[in-house]
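So the structure is just underneath, and the comments pick up after that.
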Amino acid sequence: MSLSSVVIVGAGQAGFQVAASLRQGGFTGRISLINNEPGLPYQRPPLSKAYLLGKITASNLAFRPEAFFDQQQIELLQDDAVTIDRQNQHVVLASGKSLHYDHLVLATGAHNRPLSVPGDNLEGVFGIKTLADADALAPRVKDARNVVVIGSGFIGLEFAAVAAALGASVHVVDLGDRPMARAVSSEMAAAFRQTHESWGVQFHFHHGVTRLIGENGQITAVETTDGKILPAELLVYGIGVIPNITVANEAGLAIENGIKVDANLLTSDSHISAIGDVACFPCLQNEGEHTRIESVPNAMDQARTVASRLLGNASPFNALPWFWTDQGNLKLQIAGLSSGYDNTVILGSEATQQFSVLCFRKGQLVAVESCNRPGDHLAGKKILSRPPELTSAEASAPDFDLKTWELAHRP
Amino acid sequence: MPKITLIEHNGTQHTVVGEVGQSVMQAAMNAMIPGIQGDCGGACSCATCHAFVDEAWVNSVPQAEECESDMLEFASTRRDNSRLTCQLVIHDDMDGIVLHLPESQY
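Sequence lines, in order, name chains A and B. Each number in this note's numbering corresponds to the 1-based position in the first sequence with 276 added. Each number in this note's numbering corresponds to the 1-based position in the second sequence with 4 added.
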């Protein structure tokens, strides 16, 4: 299969990485990278933390400087895909331009699930997805005294930590029973809850929001489902995302909680791949179930898998999922997927904020969650990537050390 | 602007020009140097930007902070002069620095 043109829709982490990996692998054909946001493609993780704190500047968010795109002959188009003409292998853009593709990569990402409560159009209500969101939010968070956060996932908690550090009174409202419920064990969630509370963050679990109250178009308070009124000049919501599937759906590609792909990350059209937040793929670590993973490492690993295939080295995607979040002085790194875990072993001490939770499912290690123990994270990644399996009995032994065990069992 | 030389495991040598205040990782990635992955974008979370500071230059870079040394403790092929290049902020005294890249970041 000889390709002369690759069109990539979406210039987030996944889309950008396909372009970079193709060039790094020696691809000499045309690469068009369609970016529906202004400016250079950039990394999003700092937007809810380091960028808001001024620890990283906008120019350092860019994956690469402008000259890189010229040097590497990556055609960066500020535009958006409107339709895919699969029969003729063309993408039609919002500008009216039409691009032929030998292969098309859909890396369209996801958008924030809207809050959808009365008052959600008030000034002072923010989601954090784009650089523009963060730029609008940054000056306000510095002066805000009363902040309400809806949703206690990574984004919500990262922002809560920032707002608390800047001196605001912070309330977090969540329908669930603990923070980061979708992502971490109850042990890790409890430790994070406790630490956030020590920073002054107040949690309201099992509750939603009925309406946002405003004055002169500006939010002043939030009413929760149990009738509490929480004062707020600033509200940030992070209640999940919805994959951007419209164009793929209208083109007739198979859709299942995102764009459905096979183990090679190919859609139901063999000239089209889908990767990153939008792609729902058969996940080895989730018993082969079609799964959508929203993370930078997943985006990067899937991009590399597709670039390799386009360069002639096809292999199924099987990278270990991993995640990280930085909240105040806590660095949480997660290797693997803990969903359905039925047993845990804790290493280290929660009191010192340096500990790891090993999650087992039916006796098998499925995830390693490390708080301020990056060595355990790296060891966990290696252990989860190959045999032999670590049993919970071994891990429960007194003085068990994950790094020592990994070194001893290295093939 | 400081020049940084990166030598791949196979001996291939690259010299890149870095900006003061930028990380060595970013300068290397901007120049498409093979062997620096930088998966987490410089958040000290992935240890895929590992390099060895040339012995002659070890004293010209500040000591690793705790997070970095913990990550390095477990990086494959770690040595005393191992560093994560995302944590090496370029300054003028580093002009001419030489770093050696490991065989693999994983």
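Every residue gets a Cβ at the ideal spot worked out from N, C-alpha and C, and that includes glycine.
For residue i, does the three-state DSSP call read helix, strand or coil?
i: LEU375(A); result: strand
i: PRO674(A); result: coil
i: HIS366(A); result: strand
i: PHE344(A); result: helix
i: ARG585(A); result: helix
i: GLU491(A); result: strand
i: CYS50(B); result: coil
i: CYS90(B); result: helix
i: GLY651(A); result: helix
i: VAL283(A); result: strand
i: ASN422(A); result: strand
i: GLY503(A); result: coil
i: GLN41(B); result: coil
i: ILE360(A); result: strand
i: THR304(A); result: coil
i: ALA465(A); result: helix
i: ALA550(A); result: strand
i: ILE8(B); result: strand
i: PRO680(A); result: It should be pointed out that residue 680(A) corresponds to Thr in this sequence rather than to Pro. Helix at THR680(A).
i: ASP577(A); result: helix
i: LEU382(A); result: strand
i: THR19(B); result: strand
i: LYS657(A); result: helix
i: GLU77(B); result: helix
i: ILE431(A); result: helix
i: GLU473(A); result: helix
i: LEU606(A); result: strand
i: ASP99(B); result: coil
i: SER591(A); result: coil
i: ASP409(A); result: helix
Rounded to the nearest angstrom, how far is the Cβ of residue i from that of residue j, given a contact under 8 Å?
i: CYS556(A); j: GLU532(A); result: 5 Å
i: VAL485(A); j: ILE404(A); result: Between ILE404(A) and VAL485(A) the Cβ distance is about 17 Å, and since that is not below 8 Å, they are no contact.
i: ILE8(B); j: GLY22(B); result: 5 Å
i: LEU451(A); j: HIS483(A); result: 7 Å
i: LEU623(A); j: LEU542(A); result: That pair is no contact at about 40 Å.
i: PHE56(B); j: HIS104(B); result: 4 Å
i: ILE37(B); j: HIS18(B); result: 5 Å
i: LEU328(A); j: LEU413(A); result: 7 Å
i: ALA575(A); j: ILE551(A); result: 7 Å
According to DSSP, residue i sits in a beta bridge with which residue or residues?
i: SER335(A); result: For SER335(A), which the question treats as bridged, DSSP gives no partner whatsoever.
i: TRP598(A); result: ALA611(A)
i: GLN354(A); result: ASN311(A)
i: ILE622(A); result: VAL633(A)
i: GLU318(A); result: A small fix is needed here, since residue 318(A) is Tyr in this sequence, not Glu. TYR318(A) is bridged to ALA338(A).
i: ALA497(A); result: ILE489(A) and PRO507(A)
i: PRO558(A); result: HIS566(A)
i: LEU641(A); result: PHE636(A)
i: TYR617(A); result: For TYR617(A), which the question treats as bridged, DSSP gives no partner whatsoever.
i: PRO519(A); result: ALA386(A)
Answer yes or no: do residue i and residue j have a C-beta to C-beta separation smaller than 8 Å?
i: PHE402(A); j: GLN603(A); result: no
i: LEU88(B); j: GLU72(B); result: yes
i: SER549(A); j: LEU529(A); result: no
i: ALA590(A); j: ASP577(A); result: no
i: SER297(A); j: TYR377(A); result: no
i: VAL642(A); j: LEU613(A); result: yes
i: ALA524(A); j: VAL294(A); result: no
i: ALA357(A); j: ILE310(A); result: yes
i: GLY288(A); j: PRO322(A); result: no
i: SER571(A); j: PHE593(A); result: no
i: GLU399(A); j: GLY493(A); result: yes
i: VAL449(A); j: ALA439(A); result: no
i: ILE360(A); j: LEU375(A); result: no
i: GLY330(A); j: GLU77(B); result: no
i: GLY429(A); j: MET456(A); result: yes
i: GLU499(A); j: ASN422(A); result: no
i: VAL477(A); j: LEU442(A); result: no
i: GLU343(A); j: ASP355(A); result: Per the sequence shown, the amino acid found at residue 343(A) is Ala instead of Glu. Contact: no.
i: VAL24(B); j: ALA35(B); result: no
i: ASP618(A); j: PHE631(A); result: no
Using the rule of at least 16 other Cβ atoms within 10 Å of the residue's Cβ for burial, across every protein chain shown, is residue i buried or exposed?
i: ILE505(A); result: exposed
i: ASP453(A); result: exposed
i: GLY45(B); result: buried
i: GLN470(A); result: exposed
i: GLN363(A); result: exposed
i: MET5(B); result: exposed
i: HIS54(B); result: buried
i: GLU59(B); result: exposed
i: ILE518(A); result: exposed
i: ASP43(B); result: buried
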